Amino acid sequence: MDAARRIAIVGSPGSGKSTLSRALAARTGLPLVHLDQLHWEAGWTEPEESVWRARVARAAEGESWIIDGNYGGTMAPRLARADLVLWLDFPTALCLWRLGKRIAGNYGRVRPDMTEGCPERLDWGFVWYVACFRRDGRPRLLAALPGAAGTVVPIVRPAVLDALLAERDVQRVASRSPS
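To convert, count from 1 in the sequence shown and add 446; that's the numbering used here.
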């Protein structure tokens with residue numbers, strides 16, 4: 447497998463997308479794009495739809511990148527250019543647990559993967575979104591994955607994610623069993 451120059455990381459909120467993307471960016475030197483930073487503006491406000499889509503399109507046009515996040519309405523251009531898609535497909539309970547840890551550990555502070563002016567908060571609507579992701583978001587994600595230009599690697603066990611975080615050779619992990 448040739449070295450991936452464009453890596454998309456998708457999955458439920460709380461699955462570890464941002465943690466994985468930071469680790470991979472540090473190892474590979476690829477530019478890192480957090481979709482949350484493109485989407486949210488200070489004060490948790492959303493940009494105009496055309497502005498948001500233009501930001502994502504501009505990021506996806508890059509020669510190399512790691513982009514973490516879902517945002518289904520803008521997934522097609524990213525997947526169409528990705529050499530590698532890492533899909534974190536973990537159980538809802540684990541994602542909710544990790545979300546709770548993230549909120550508790552960062553409450554009131556801006557996370558490194560978030561826009562300045564958007565401090566971590568407890569948003570029950572977002573908790574509900576995560577609770578329902580397997581039922582509602584996962585089918586949409588599954589429908590989008592066939593549009594990926596490169597290899598799609600589903601990661602369904604935390605131990606595989608841990609191995610990927612510990613591995614220096616992303617390609618070697620991606621070529622292993624997809625579970």
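The beta-carbon is built from N, C-alpha and C at its ideal position, and this holds for glycine as well. Computed from a predicted model, the values in this text were never measured in an experiment.
For residue 514, the uninterrupted beta strand (DSSP E) segment begins and ends at 511-514.
Rounded to whole angstroms, residue 451 and residue 547 show a C-alpha spacing of 31 Å. The distance from the Cβ of residue 596 to that of residue 502 is about 18 Å, inconsistent with a contact at the 8 Å cut-off.
Sixteen is the threshold: since fewer than 16 other Cβ atoms of the shown chains lie within 10 Å of the Cβ of residue 543, the residue is exposed. Judged by DSSP secondary structure, residue 452 falls within the beta strand (DSSP E) whose first and last residues are 452-457. Ranking 533, 568, 549 by CA distance to the CA of residue 603 puts 533 first. Under the 10 Å beta carbon count, residue 459 is surrounded by 16 or more other beta carbons and is classified as buried. Sorting 517, 484, 579 by C-alpha distance to the C-alpha of residue 539 places 579 at the top. Annotation: residue 465 is outside any beta strand (DSSP E); the continuous alpha helix (DSSP H) that includes it extends over 463-474.
Judged by DSSP in its simplified three-state form, residue 597 adopts strand. Residue 479: member of the beta strand (DSSP E) spanning 478-480, first to last residue. Excluding its 5 nearest sequence neighbours in each direction, residue 469 has C-beta neighbours in its own chain below 7 Å: 611, listed in chain order.
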